[in-house]
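Chains as they are written, first to last, in our numbering: chain A, 3 to 299; chain B, 119 to 374. Before any comments, here is the structure.
Right, dumping it as structure tokens:
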């Protein structure tokens, strides 16, 4: 009897292991084969020499990293960070009050308002960018309206500017700012606000001292959701910046598909990913501190 | 009744900003004139031109092949992965690892896959785009299904086992049906993401088989044409319909 029980246990454990491998195995193998190995390959290419006919060759070198320090490339990197930061700031200035306003709507309107925020996000990215080529063109509706109203004499140069790139990125990623802020304002414990006003704080004071800090983690997630895809974007700078505004995404794309200097492209991609990973780490650290503080309070 | 007062202003600004560009494109798509910017009367002729465009039609077929294939494979792999993650391991690290393809910058994944495919000497075409789309698609399905599994009652599966069903029967009669809404939602998500995906397809596709986003990209680079307006209006209609249908489906299943 006892032996059959142990045998049974052994069989169950073997079967559990088999089931575990059957469920987890295929997916984990796939991620490893088509994400981890590719990324490790890119990492290793950063230390290789450019191949004469594309691809890479030996010897191992740090040359590509030295080249990335050239002021030309540093300026592109700085430019990308600047454009993405302005985009994120604008998204925050529009997105926070919008998200806050949606939480104050009556319940049945809240869903409609949220769906309306997300809807454009589910349409083709190129089409959404294209819409701004139509709008900002020198013969487009904005310029025509301004000329017809006599506000300007000749069409303004709106398209193919840095401003156009920022507007395009803002348009593309604004919903990604609004959703996490909405979630964190919605979760906010309203009794804390009541407590603050009962203790004599003005509504404004309560917002600054209670609402803002407690919704900071959600706001930071929104900021990252906007900043990350903006930084790596090469479509908007190309289509709305007209090639005059070069961002790091354009540079990486060109190294891989045009110049075919893969090692240098790998270095640039590595710089971008490390920068973004640093941002994620900073966000996590701040979120931990805030959660710790509100848990103690 | 809560008065939202001045908060109406940001709502107004946001919705005007989000919808005016789309409305302008849709209106322009019915412009009968040859000039893209001056109104030449109402006409649907650009839709006719669009339907005759073989490059667009072939792009659409290519995109559908990739999207259907990627959805089927990613849904199967992602569902298995989600069940494995929540039933057979409590490892947060494995879960984070499985979901990474969904949050990693698309450009990084795109160059990685280009490097991999060229390193193993694989020719580029729809098959390589499909392999690439399964990576992030699987992560999205796994995320959606894992969230649902967190709400599921494991005692149902235990009861099934106690009543004599074997593991396979329990899986197909209990686990899959209770997860079905999440699996469908995940599949819809992958399908829509794959339909619209440009960056990864741009790096992993061959020149002979462009997907629809790649066709649109090469059209858009040459500037504004009434035909693109018509295409844009149709794509807007399709994605709005899908999103609203998905919204209805999730609302129905939430009610159950």
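Don't be surprised by glycine CBs; every beta carbon is placed ideally from N, CA and C. In this text, all values refer to a predicted model and were calculated from it rather than measured experimentally.
Along the segment 254-282 of chain B, where does the CB come closer than 9 Å to a CB of chain A? Name the residues. 254, 256, 257 and 260
Buried or exposed, going by whether 16 or more other CB atoms sit within 10 Å of the CB of residue 6/A? With a pLDDT of 48 at residue 6/A, under the threshold of 50, the modelled position of this residue cannot be trusted, and the question is left open.
Assuming residue 268/B contacts residue 204/B under a Cβ cut-off of 8 Å, what Cβ separation, rounded to an integer in Å, is found between them? 7 Å
Listed by chain order, chain B residues near residue 139/A by CB distance under 8 Å: 155 and 342
From the DSSP secondary-structure annotation, give me the bridge partner or partners of residue 59/A. 51/A
Which first and last residues belong to the alpha helix (DSSP H) in which residue 198/A is found? 192-200
Give the list of continuous beta strand (DSSP E) stretches no shorter than 3 residues that lie fully inside the segment 84-171 of chain A. none
Give me the subset of the segment 298-318 of chain B whose CB atoms are less than 7 Å from a CB atom of chain A, sorted by chain position. 310, 314 and 316
Could you give the DSSP three-state label for residue 149/B: helix, strand or coil? strand
What are the start and end residues of each continuous alpha helix (DSSP H) run of 4 or more residues lying completely inside the segment 303-349 of chain B, in chain order? 317-322 and 330-338
Start and end of the alpha helix (DSSP H) containing residue 157/B? Neither: residue 157/B is in no alpha helix (DSSP H) and is coded neither H nor E.
Where residue 243/B falls: helix, strand or coil (DSSP): coil
Following the continuous alpha helix (DSSP H) through residue 163/B, name the residue where it begins and the one where it ends. 163-170
Using a Cβ distance threshold of 8 Å, determine whether the segment 228-235 of chain A contacts the segment 285-294 of chain A, with at least three qualifying pairs required. no
Quick one: measure Cβ to Cβ for residue 225/B and residue 317/B, integer angstroms, because I've assumed they're closer than 8 Å. 6 Å
Tell me which same chain residues have a C-beta within less than 8 Å of the C-beta of residue 240/A, skipping the five on either side of it? 252
Close-in-space but distant-in-sequence residues of the same chain around residue 160/B (CB under 7 Å, 5 per side omitted): 148 and 150
Which of helix, strand or coil DSSP assigns to residue 236/A: coil
By the criterion of Cβ-Cβ separation under 9 Å, what are the contact partners of residue 262/A in chain B? Correct list: empty, because the minimum Cβ distance to chain B is about 11 Å.
Listed in chain order, which residues of the segment 128-149 of chain B have Cβ atoms closer than 8 Å to some Cβ of chain A? 128, 129, 131, 132, 133, 135, 136, 137, 138, 139, 140, 142, 143 and 146
Rounded separation between residue 345/B and residue 177/B - CA only: 15 Å
Kindly list, in the order they appear in chain A, the residues whose Cβ is closer than 7 Å to that of residue 246/B. Near residue 246/B there are no residues of chain A at all, since even the closest Cβ is about 10 Å away, more than 7 Å.
Please determine if the segment 160-168 of chain A and the segment 129-146 of chain A are in contact, where contact requires at least 3 C-beta pairs separated by less than 8 Å. yes
Can the beta-carbon of residue 322/B be found closer than 9 Å to that of residue 246/B? yes
Answer yes if the segment 215-226 of chain A comes into contact with the segment 184-194 of chain A, meaning at least three C-beta pairs across the two stretches below 8 Å, and no otherwise. yes
Are the segment 242-258 of chain B and the segment 32-39 of chain A touching by the rule of at least three beta carbon pairs closer than 8 Å? yes
Taking C-alpha atoms, which residue in 125/B, 133/B, 141/B and 206/B lies nearest to residue 352/B? 141/B
Name the two residues that bound the continuous alpha helix (DSSP H) containing residue 252/A. 250-259
Over what stretch of residues does the alpha helix (DSSP H) that includes residue 278/B continue unbroken? 273-280
Close Cβ partners of residue 327/B (< 7 Å) along its chain, the five nearest in sequence each way excluded: 180, 243 and 244
Taking just the CA atoms, how far does residue 278/A sit from residue 44/A? 17 Å
Residue 214/B: which of 275/B, 258/B and 356/B sits nearest, CA to CA? 258/B
Please list the residues of the segment 204-217 of chain B that have a C-beta atom closer than 8 Å to any C-beta atom in chain A, keeping them in chain order. 205, 206, 207, 212, 215 and 216
Measure the alpha-carbon distance for residue 153/B versus residue 343/B and round it to whole angstroms. 8 Å
Count the other C-beta atoms from every protein chain shown that fall within 10 angstroms of the C-beta of residue 284/B, then say buried if there are 16 or more, exposed otherwise. exposed
Buried or exposed: which applies to residue 341/B, given that a residue is buried once 16 or more other Cβ atoms fall within 10 Å of its Cβ? exposed
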